[in-house]
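Below: the structure, in structure tokens.
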Amino acid sequence: LPNARMASLRTLYDPTADAKGTSDDEEEMQQQKRDPLDSALVLTFEGPNSFTGEDIVELHCHGSRAVVHGVLSALSSLSSRAIPLQLRPADPGEFTQRAYAHGKLGLVEVEALADLIVADTSLQRKQALQQFDGRLSRLYGGWREELIKGLAHAEAVIDFGDDEALDAHDEFDDGLNANDGGMSIWGTIAPRIRSLRQAMNRHLADASRGELLRDGLRIAIVGRPNAGKSSLLNLLAGRDAAIVSSSPGTTRDVVEVMLDLGGVRCTLLDTAGVREEKEEGVNEIEVEGMKRARRAARDAHIIVGVVDATDLSRGLEAVDELIRVESESDESSSLLNRDNVLYVLNKLDLVEGNENSINSKEQSNSPKFGISCTTSEGVDDFLSSLTQQALSLVSGDRDEGAVITRARHRRHVEAASDALERFEELSGQGYMALDMAAEELRLASSELGRVTGAIDVEDVLDVLFADFCIGK
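Here the sequence shown is numbered in this note's numbering, starting from 16 and rising by one per residue.
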């Protein structure tokens with residue numbers, strides 16, 4: 016093998032092939048006569064200076080099936096010979112799991128690596144790399160360290176009394192005044208904990224931007240039958256993803272297409288046309304399609320209401336009614352924010368006077384875009400606005416990349432903040448509630464430790480590594 020971290024070109028042979036000779040020279044000649052498996056780049060890394068923290072040998076082979084199969088077969092056969100090597104294929108995520116076990120990666124970094132592997136867009140990649148850099152771990156680790164200092168102070172007060180504890184923890188006292196009655200026994204800890212909880216709450220008040228960027232946005236295209244919803248989907252996707260027909264009710268199920276809008280992963284949802292169930296020609300299959308359309312609208316982050324510009328009033332009324340009903344049925348729906356609703360007035364080429372005629376008929380303040388799916392007129396302006404709307408939902412003050420990207424993180428930080436709120440109430444009650452206040456600090460510290468992987472993360476790891484590819 017080459018020296019550590021020195022890339023070397025080597026010819027790979029199957030060591031299990033027969034190589035018998037009467038002398039060392041003859042055996043070497045027989046070795047040279049073997050069929051080589053590949054000419055590969057070989058690298059070695061000595062632990063702990065490797066990805067996993069262990070000794071590693073990398074064989075950078077050519078990628079054909081024959082080469083890969085030959086090399087893997089040769090490696091697996093070593094375990095059956097009198098050679099002290101027990102080789103087996105790695106389990107999904109096993110390399111990363113070993114890196115975590117040896118302290119090379121924290122849990123947040125492992126999750127970031129998983130996000131990086133499946134990133135579809137540039138912004139997803141950027142966010143994953145920022146998290147992989149350890150910024151989030153450092154933020155939570157700093158918070159937890161502050162809580163542990165406060166907890167140590169509380170334990171000292173409980174064990175030795177107020178004066179001794181304060182003398183023993185002068186490094187925590189930076190001159191802040193905390194003349195808050197019962198909170199005086201906490202020295203400067205109480206105001207620091209209050210400041211820490213405020214920082215957590217600011218961190219939580221991010222409108223789930225990190226999670227939206229990681230998971231992607233859902234954009235539902237709704238409207239009456241034959242308004243041009245499927246045509247718009249095909250135009251934006253750049254391919255015939257949905258069937259287009261002049262017959263109403265052609266789209267029955269929801270058609271999904273992934274689109275990259277300014278680095279934001281967006282799933283466009285083409286839905287069934289919505290109309291009165293009592294209208295002529297409506298059957299039970301179309302009714303089910305309309306139910307799914309309403310459900311898609313309710314769960315979407317952005318609504319695109321497509322209206323036939325030649326039948327403006329009925330089209331706008333249908334979209335407005337759908338939005339009203341679904342927003343009332345779900346108080347958490349994005350439909351409550353009308354900024355997340357964009358109207359597309361299609362078939363502009365069939366309207367006499369084009370946009371001027373439309374604007375004179377409809378003076379609503381809602382954003383409306385006149386387009387023609389036939390001529391592509393106005394589509395670029397609409398797509399630009401749709402992209403800006405998507406970016407507005409995932410952008411904001413990111414505190415240098417320290418944003419919440421998973422519901423698991425949010426759940427634990429919220430629990431930590433709640434514990435600190437209870438601490439503030441108890442800390443004002445003096446010695447009577449000292450034990451309970453200290454327990455709230457311990458609980459908050461534990462919740463942050465669960466985010467970074469410091470404690471109690473086995474169940475999270477099992478699910479996380481199962482989603483990794485074999486090579487990681």
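For glycine and all other residues, C-beta sits at the position ideal for the given N, C-alpha and C.
It should be emphasised that the depicted structure is a prediction, and the values quoted were computed from it without experimental measurement.
A straight-line Cα-Cα distance of about 8 Å links Arg421 and Gly225.
Annotated three-state conformation of Leu16 is coil, per DSSP.
Inclusion of Leu283 and Ile234 in the CB contact set at 9 Å is warranted, their separation being smaller than that value. For secondary structure counted as the alpha helix (DSSP H) over 4 or more consecutive residues, the stretch 235-284 holds these complete runs in sequence order: 244-252. For Asn18, the closest of Leu52, Leu58, Arg25 by C-alpha to C-alpha distance is Leu58. Using a Cβ distance threshold of 9 Å, Gly165 and Leu456 count as a contacting pair.
For Ala116, the enclosing alpha helix (DSSP H) covers residues 109-116. According to the DSSP assignment, Thr26 belongs to the beta strand (DSSP E) that extends over 23-27.
Per DSSP, the beta bridge partners of Gly320 are Val237, Tyr358. Within the same chain, and ignoring the five residues on either side of His424 in sequence, the residues whose Cβ sits closer than 7 Å to its Cβ are Val466.
Tyr358 counts as buried, since at least 16 other C-beta atoms from the protein chains shown sit within 10 angstroms of its C-beta. In the structure shown, the three-state DSSP call for His77 is coil. In this structure Val237 touches Val334 by the C-beta definition: roughly 6 Å separates them, less than 8 Å. At least 9 Å separates the beta-carbon of Thr286 from that of Ala256. Excluding its 5 nearest sequence neighbours in each direction, Val409 has C-beta neighbours in its own chain below 6 Å: Arg224, Leu227, Leu228, Val279, listed in chain order. Look at Ile163 here: in three-state DSSP terms it is helix.
Relative to the Cα of Leu120, the nearest Cα in the group Phe66, Ser400, Asn249, Lys306 belongs to Phe66.
Of all C-beta pairs linking the stretch 321-336 to the stretch 238-252, three or more are shorter than 8 Å, placing the two stretches in contact. Within the DSSP secondary-structure output, Phe384 pairs in a beta bridge with Val359.
Between Val428 and His84 the beta-carbon gap is near 48 Å, outside 8 Å, which marks them as no contact. The alpha-carbon of Ala459 is positioned some 55 Å away from that of Asp53. Annotation: Glu392 to Arg309 spans about 29 Å, alpha carbon to alpha carbon. With contacts defined by Cβ atoms closer than 9 Å, Leu248 and Gly468 do not form a contacting pair. Per the coordinates, the alpha-carbon of Arg20 lies some 36 Å from the alpha-carbon of Glu160. For Thr402, no beta strand (DSSP E) run applies; the uninterrupted alpha helix (DSSP H) run containing it begins and ends at 394-409, by DSSP. Shown here, Ser342 sits in a helix according to DSSP, grouped into three states. Glu291 and Ser342 have their C-alpha atoms some 19 Å from each other. Within a 10 Å sphere around the beta-carbon of Gln213 sit fewer than 16 other beta-carbons, which makes this residue exposed. Per the DSSP secondary-structure output, Ile71 pairs in a beta bridge with Phe60. If you ignore the 5 residues before and after Ile173, its C-beta comes within less than 8 Å of the C-beta of Leu449, Asp450, Ala453, all in its own chain and listed in chain order.
The alpha-carbon of Ser137 is positioned some 30 Å away from that of Gly464. Met215 sits buried, since 16 or more C-beta atoms from the chains shown fall within 10 Å of its C-beta.
Ranking Asp268, Val272, Arg267 by CA distance to the CA of Gly253 puts Val272 first. Listed in chain order, the non-local C-beta contacts of Gly330 below 7 Å within the same chain comprise Gly238, Arg239, Ala242, Val322, Asp323, local neighbours out to five positions each way being set aside.
For Ala214, the uninterrupted alpha helix (DSSP H) run begins and ends at 204-219, by DSSP. With fewer than 16 other Cβ atoms inside 10 Å of its own Cβ, Gly118 counts as exposed.
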